[in-house]
Amino acid sequence: MMRTRKGHKVYPLTVAQKFHLYYLPHCPSAAVLNIGTSLTIEVEIDWEVLGRAINKAYERCEAMRVRLAKDKEGNWYQYIVDHEDQEIEFRDFTGMTMEEAEAEMQKWTTVPFKMQDSPLTRIVMIKMPDGFSGVYFLAQHMIVDAQSLIAFLKDIIELYCNEKYEGVPYPKDMASYIEQIQKDLAYEEGSKAQQRDIDFFQKEIAENGEPIFNGINGTDKLEAAREMFKNPELRTAFSASGDTASALDIFHLEEEPTKRLMDFCEKYHVSLACLLLMGLRTYFQKMNGHDDVSINNAIARRATLKEKKSGGTRIHSFPVRTVFPESMKFIDGVFAIRDKQNEFFRHANYDPTAYFAYRSQLYPQPHAGLTYEPMSLTYQPLTLKEKGLDQLGDIRYKTKWYPNGTCPQGMYLTVMHRPEDNGLDFNFEHQIQAVSRDELEYLYYYLCKIMFKGAENPDLTIGEIIKLV
4 MMRTRKGHKV YPLTVAQKFH LYYLPHCPSA AVLNIGTSLT IEVEIDWEVL GRAINKAYER
64 CEAMRVRLAK DKEGNWYQYI VDHEDQEIEF RDFTGMTMEE AEAEMQKWTT VPFKMQDSPL
124 TRIVMIKMPD GFSGVYFLAQ HMIVDAQSLI AFLKDIIELY CNEKYEGVPY PKDMASYIEQ
184 IQKDLAYEEG SKAQQRDIDF FQKEIAENGE PIFNGINGTD KLEAAREMFK NPELRTAFSA
244 SGDTASALDI FHLEEEPTKR LMDFCEKYHV SLACLLLMGL RTYFQKMNGH DDVSINNAIA
304 RRATLKEKKS GGTRIHSFPV RTVFPESMKF IDGVFAIRDK QNEFFRHANY DPTAYFAYRS
364 QLYPQPHAGL TYEPMSLTYQ PLTLKEKGLD QLGDIRYKTK WYPNGTCPQG MYLTVMHRPE
424 DNGLDFNFEH QIQAVSRDEL EYLYYYLCKI MFKGAENPDL TIGEIIKLV
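Numbering-wise (this note's numbering), the sequence shown opens with residue 4 and increments by one.
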């Protein structure tokens, strides 16, 4: 007998969704799961048509209609409600400054959703003081990640343009969310593929021995933990503080230097994520003197077209551990990271919480809050530009991300392309108590120096680059 809720079939949560519930209890507010963003274009908007496009996009995307509920045992599960057209909120900010308008949207982003049987998205049509108009969109990480959010916003714009302008094709259908999570759930029920992935990661964790923590300023946090637990051999440290209050600091890399990094990636057939990881791990090696560096890296798990268009949240995050001697050439490090990433992509359906559980079983720690990883990295290659919005001609558009005010980890770096000029934005979300803006500025400055030095002289060794920067 299939369980239902309010007449809808119910499904368990996927591993990617459970991952969010893993840190939720440690945060003062469920707003930690909020992702807030705005997308605006420099054009007079027909609000009626936009409202219809938004409703149509909700109808086309099962994932945006997911609801969560708890069973008697306190476990969350999910179901999908039927689409009903709704009145779309509208907010005219034109009497304000840009700062005031953005501050109000940032405030919206800190308001948590009710989890039980409630919508997990909010959308507002906005008219901005700078002559741009569009939408503010807030969604909960349990049902959305950056890639599905971008796909949804793109669908709204394409539906709008199809109705508004001649010759703009109607967008192709979204893929089924249910179909996709059924695949994930089948995998999790003890499939051969799951066993292969378990074997791969357990071997990975066991064979390389215990990692070591690298701090943003050097070994101060590691020394402090060794002192605290009276263990001079301890290899972990506290990277987060007890206080999850967070800030977002953004550093902008201009278009021209960004292009130099992208040209390097194209020439050597590596993704920018590999270059970023190489730059970050080299920075930590410079600061800590360890050849052994571990950084969490998010994997989007959207290889197939169906995965790309099914919505939902699919991110799994694993530590990328590199043990590179200073005598190694920079380019060889980049290639080694690429190979490691390709291996990880093949096994990325593995449950990240199982990864950390297995690791702490092999290398028991005196405290659950201790870690080897000082930070997490996500690289967002998606821009709306290359994803089919070029038919808008030269219409300028902007996207902006709003922090939710809470961060479960010390430091989280998201690198994305700016729509205005395709330069890079380095978005550091960080706990205010754990990492200061000055420290981030220092890290960013050296990260760029290392990446450019390595991109210009790929045959230099890591040690030479560390000396030169």
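Note that the Cβ used here is the ideal one computed from N, Cα and C, for glycine as well.
Counterpart residues of residue i in DSSP-defined beta bridges
| i | result |
| --- | --- |
| Trp79 | Lys73 |
| Leu427 | Leu256 and His420 |
| Lys401 | Thr43 |
| Ala240 | Thr374 |
| Asn2 | For the chain, the structure presents residues 4 to 472; residue 2 sits outside this window and is missing. |
| Phe203 | DSSP output for Phe203 lists no bridge partner at all. |
| Leu464 | The sequence as given places Thr at residue 464; Leu does not occur at that position. Looking at the DSSP assignment, Thr464 forms a beta bridge with Lys332. |
| Asn37 | Gln143 |
| Gln119 | Leu71 |
| Leu380 | Asn300 and Leu416 |
| Met101 | In the DSSP output, where bridge partners are listed per residue, Met101 has none listed. |
| Ile129 | Arg94 and Gly137 |
For residue j and residue i, the rounded distance between their alpha carbons
| i | j | result |
| --- | --- | --- |
| Ser297 | Ile465 | 16 Å |
| His255 | Lys195 | 45 Å |
| Lys390 | Leu275 | Summary for Lys390: the model assigns pLDDT 49, below 50, so the residue's position carries little reliability; its value from the coordinates is reported in the next sentence. Each residue's Cα considered, the two are about 18 Å apart. |
| Thr381 | Gly98 | 36 Å |
| Ala437 | Gly413 | 6 Å |
| Ile215 | Ala149 | 30 Å |
| Val84 | Ala66 | 10 Å |
| Ala209 | Tyr361 | 9 Å |
| Glu51 | Ile159 | 13 Å |
| Tyr26 | Phe455 | 36 Å |
| Arg199 | Gln205 | 10 Å |
| Lys343 | Arg304 | 16 Å |
| Lys175 | Glu87 | 21 Å |
| Glu442 | Ile219 | 7 Å |
| Phe96 | Asn460 | 49 Å |
| Ile153 | Gly336 | 32 Å |
| Glu310 | Gly10 | 27 Å |
| Ser2 | Pro369 | Past the boundaries of the shown model lies residue 2; the chain is included only from 4 to 472, so the question cannot be answered. |
| Ser244 | Tyr180 | 36 Å |
| Ala106 | Pro15 | 37 Å |
| Lys157 | Ile398 | 14 Å |
| Ile340 | Phe232 | 33 Å |
| Cys164 | Ala371 | 51 Å |
| Val46 | Lys130 | 10 Å |
Check whether residue i and residue j have beta carbons under 8 Å apart
| i | j | result |
| --- | --- | --- |
| Ile302 | His319 | yes |
| Tyr366 | Glu467 | no |
| Gln81 | Val13 | yes |
| Gln109 | Asn58 | no |
| Pro132 | Thr100 | yes |
| Glu432 | Tyr415 | yes |
| Thr43 | Gly137 | yes |
| Thr325 | Ser242 | no |
| Phe135 | Ile126 | no |
| Ser151 | Gly314 | yes |
| Thr316 | Met145 | yes |
| Glu191 | Gln197 | yes |
| Ile469 | Ala250 | no |
| Tyr61 | Arg55 | no |
| Val418 | Leu279 | yes |
| Thr247 | Thr409 | yes |
| Glu258 | Asp424 | yes |
| Pro384 | Thr402 | no |
| Val323 | Asn345 | no |
| Met227 | Leu237 | Checking the sequence shown, residue 227 turns out to be Ala, not Met. Contact: no. |
| Tyr449 | Val472 | yes |
| Leu53 | Met128 | yes |
Same chain, Cβ closer than 6 Å to residue i, five either side skipped, listed in chain order
| i | result |
| --- | --- |
| Thr261 | Gly426 and Leu427 |
| Phe267 | Ala458 |
| Leu71 | Trp79, Gln81 and Met118 |
| His350 | Asp200 and Phe203 |
| Lys332 | Asp462 and Thr464 |
| Gly221 | Met290 and Asn291 |
| Phe116 | Leu123 and Gln143 |
Cβ-based neighbour list, residue i, same chain, cut-off 7 Å, excluding 5 preceding and 5 following
| i | result |
| --- | --- |
| Asp74 | Tyr80 |
| Pro328 | Asp294 |
| Lys312 | Ala154, Met177 and Ala178 |
| Thr7 | Val13 |
Q: Please list the segments of the alpha helix (DSSP H) lying wholly inside the stretch 299–333, counting only runs of 4 or more residues, in order along the chain.
A: Here the runs fully enclosed are 308–312.
Q: For the stretch 242–275, list the alpha helix (DSSP H) runs that are entirely contained and at least 4 residues long, ordered along the chain.
A: Qualifying alpha helix (DSSP H) stretches, in chain order: 258–271.
Q | Length-filtered (3 minimum) beta strand (DSSP E) runs lying within the stretch 134–180 | A | Here the runs fully enclosed are 136–143.
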